[in-house]
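A.B. asks:
Protein chains: 2
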Amino acid sequence: MLNFSQIDTSMRALAEPTRRAIVERLSRGPASVSDLAKPFDMSLAAVVQHIHVLEECGLVVSEKVGRVRTCRFEPAGLEPLAEWVRERKLAAERKLDRLEAFLAAGEQDKETGND
Amino acid sequence: MLNFSQIDTSMRALAEPTRRAIVERLSRGPASVSDLAKPFDMSLAAVVQHIHVLEECGLVVSEKVGRVRTCRFEPAGLEPLAEWVRERKLAAERKLDRLEAFLAAGEQDKETGND
DNA sequence: AAAAAACTAAAGCTGCCGCTTGACTATCTA
DNA sequence: TAGATAGTCAAGCGGCAGCTTTAGTTTTTT
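Heads up: the protein sequence lines correspond to chains A and B, in order. Heads up, the final residue of the first sequence is numbered 114 in numbering that gives the first Met the number 0, and it's a clean run with no missing numbers. Heads up, the final residue of the second sequence is numbered 114 in numbering that gives the first Met the number 0, and it's a clean run with no missing numbers.
1. Identify which residue in A:Asp96, A:Phe101, A:Arg97 and A:Glu73 has its Cα closest to the Cα of A:Ser9.
2. Where does A:Glu15 land, buried or exposed, given buried means 16+ other C-beta within 10 angstroms?
3. Would you check whether the ligand HEM has a heavy atom nearer than 7 Å to the C-beta of A:Ser26?
4. Measure how close the beta-carbons of B:Val32 and B:Val52 come, nearest whole angstrom, since I'm counting them as under 8 Å.
5. Starting from B:Gln55, follow the alpha helix (DSSP H) in both directions and report where the run begins and ends.
6. For the beta strand (DSSP E) containing B:Arg68, name the first residue and the last one.
7. Taking B:Thr17 as the reference, which of B:Leu80, B:Val84, B:Lys37 and B:Leu77 has the closest Cα?
8. Let me know the secondary structure DSSP gives B:Glu15 once reduced to three states.
9. Quick check: the region 89-97 of chain B against the region 78-96 of chain A, are at least 3 beta-carbon pairs closer than 8 Å?
10. In the DSSP assignment, find the alpha helix (DSSP H) that holds A:Ser33 and state where it starts and stops.
11. Using C-beta distances below 7 Å, list every residue in its chain close to B:Ala44, excluding the 5 sequence neighbours before and after it, in chain order.
12. Could you name the residues that DSSP lists as bridge partners for B:Glu62?
13. Taking 8 Å as the CB-CB cut-off, is A:Ser42 touching chain B?
14. Excluding the 5 residues flanking A:Ala12 on each side, which residues of the same chain have their C-beta closer than 7 Å to its C-beta?
15. Helix, strand or coil for B:Arg27? Go by DSSP, reduced to three states.
16. Taking 8 Å as the limit between beta carbons, can you name the residues of its chain near B:Phe101, skipping five residues before and five after?
17. Should A:Lys37 be flagged as near chain B, meaning a C-beta pair shorter than 8 Å?
18. Measuring alpha carbon to alpha carbon, tell me which residue in B:Ala75, B:Val84, B:Leu89 and B:Glu86 is nearest A:Arg88.
Here you go:
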């Protein structure tokens, strides 16, 4: 489908349990790459790859000082996702509104008809 | 990783552009399977498979009457996702609060020290 | 200066996900 | 009742995402 939109990349990024766990960890404060890797039963390289994905979609930023790269969570990266959810809920509500308006109009007709 | 949590299934479901498009369509009102399939350049069977995934994670419900299956969007299915986002933002804020408290305490010390 | 620590980069492997095809069932229409 | 419509089921295929391994670099420690 060749979709490179923001919502697509961040959804894909967070579909991974490991990446979600990394974000959860970072949402409680910054951490180095090896700190992030410790809880996981996988190679450091694998965790680094996950971090790259999270950086590419703006959910994580990092800075290297000396030999240590420190990663931080970027809450703004959640916005595309949050917005998509809001839009879906809103559309569903509007649809419900229209249905209710339709039913209300029907009741109205009935009442005026019976009047 | 064998993760069957609600958040995992719904994130995975919505990581797919086609499935997201289906939800977008349904959030504006119910539709039959073939209606849903029309905009996509793929077989009906493929779309049916996507619908199944969306049903399994509670984002879509459907009902078959006669030979037509009508699908509806279930906004409640978004809750796990919405909650996860809220929690992440909250954790990040709290972390920021602690930082600010720490800095404020530092300023306090400075002031009392200079006093 | 040598060894250790903290990554980084690249190549290769494997399992799963999304898709197709084909064969089938059930329902509606002419 | 014949044909069309709407969906279902299952098998199979190809690509790619996530992981490993290996070999490197840079920085810190001893």
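We put the CB at the ideal spot given by N, CA and C, even for glycine.
C.D. replies: Looking at the coordinates:
1. Counting from 1 along the first sequence, the entry for residue 9 of chain A is found at position 10. The option with the nearest alpha carbon to A:Ser9 is A:Glu73.
2. By 1-based counting over the first sequence, the position of residue 15 of chain A is 16. That one is buried.
3. With respect to the ligand HEM, the structure shown offers nothing to examine, as it has no ligands at all.
4. Start at 1 with the first residue of the second sequence, and residue 32 of chain B comes out as number 33. Start at 1 with the first residue of the second sequence, and residue 52 of chain B comes out as number 53. With 8 Å as the limit, B:Val32 and B:Val52 do not qualify as a contact, their Cβ atoms being about 14 Å apart.
5. Residue 55 of chain B sits at position 56 when you count from the first residue of the second sequence. Residue 55 of chain B is actually Glu in this sequence, not Gln. Leu43 to Glu55 is the span of the alpha helix (DSSP H), which, as asked, contains B:Glu55.
6. As a first step, residue 68 of chain B is located in the second sequence; it is residue number 69 there, counting from the start. Per DSSP, B:Arg68 belongs to the beta strand (DSSP E) from Val67 to Phe72.
7. Residue numbering aside, residue 17 of chain B sits at position 18 when the second sequence is read from its first letter. B:Thr17 has its Cα closest to that of B:Lys37, out of B:Leu80, B:Val84, B:Lys37 and B:Leu77.
8. In the second sequence, counting from the first residue as 1, residue 15 of chain B sits at position 16. Looking at B:Glu15 - three-state DSSP - the assignment turns out to be coil, as it is neither helix nor strand.
9. no
10. In the first sequence, residue 33 of chain A corresponds to position 34, counting from 1. Looking at the DSSP string, the run of the alpha helix (DSSP H) that includes A:Ser33 is Val32 to Ala36.
11. As a working mapping, residue 44 of chain B is identified with position 45 in the second sequence. None.
12. The residue given as residue 62 of chain B occupies position 63 in the second sequence. Bridge partners of B:Glu62: B:Thr69.
13. As a working note, residue 42 of chain A is residue 43 in the first sequence. No, its Cβ sits nowhere closer than 8 Å to a Cβ of chain B.
14. Numbered from its first residue, the first sequence carries residue 12 of chain A at position 13. Cβ neighbours of A:Ala12 beyond the five flanking positions: Arg18, Val52, Leu53, Cys56 and Leu58.
15. As a first step, residue 27 of chain B is located in the second sequence; it is residue number 28 there, counting from the start. Coil at B:Arg27, not helix or strand.
16. For the purposes of this step, residue 101 of chain B is taken as the residue at position 102 of the second sequence. Taken in chain order, the list of residues that qualify is empty.
17. Numbered from its first residue, the first sequence carries residue 37 of chain A at position 38. It does not: the Cβ of A:Lys37 has no partner Cβ on chain B nearer than 8 Å.
18. Reading the first sequence from its first residue, position 89 is the one you call residue 88 of chain A. One point to set straight first is that residue 88 of chain A is Lys, not Arg, in the sequence displayed. Cα-wise, what sits closest to A:Lys88 is B:Ala75.
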